[in-house]
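Presented below is the structure to which this report refers.
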Amino acid sequence: MVTEVNVSNTYNSSENLDGNAPMSVTFPDPGNKFFTSFTIYDTAGYLVEGNSHINSYTWKPNADVSITVHFNAKGKINNISSGGKEYNYIVRNYGATQDVIDKKINPVKPEPVK
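For the sequence shown, full-length UniProt numbering puts the final residue at 114, and the numbers step up evenly by one.
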């Protein structure tokens, strides 16, 4: 299958993460043609109930126009929650840019919130 810029979609997953540890990932706005979404799943692969997703239509950029998505970090910008359960997340890019296709933008390795 040929991957086409601004046409193809990509899907990337994080590793399983501790639901009690606030995490975040900061990345350049991918600028996908359609949109980008983050969705949290439990370790059995089921969608987590509650505030479990965010997308490029709803997130708020940082002052430098980068994007930070928080996980289980109550009160932080662009926060989504696993409700304290172990989780992983999928980043979906619809109409992916070249940087996304080349994995120059691949926000699947969050870091602890300081």
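A virtual CB, placed ideally from N, CA and C, is assigned to each residue, including glycine. Nothing here was measured: the structure is a model prediction, and the numbers come from that model.
{"Asked": "Span separating the alpha-carbon of S66 from that of A44", "Found": "31 Å"}
{"Asked": "R92 versus P107 - alpha carbon distance", "Found": "11 Å"}
{"Asked": "Counterpart residues of D42 in DSSP-defined beta bridges", "Found": "Y87"}
{"Asked": "Contact check, D29 vs P61, beta carbons under 8 Å", "Found": "yes"}
{"Asked": "Minimum C-alpha distance to S82 - residue among D18, K103 and K76", "Found": "D18"}
{"Asked": "Spatial distance of T3 from K114 (CA atoms)", "Found": "37 Å"}
{"Asked": "Best match in K76, S24 and N72 for proximity to K85 [C-alpha to C-alpha]", "Found": "N72"}
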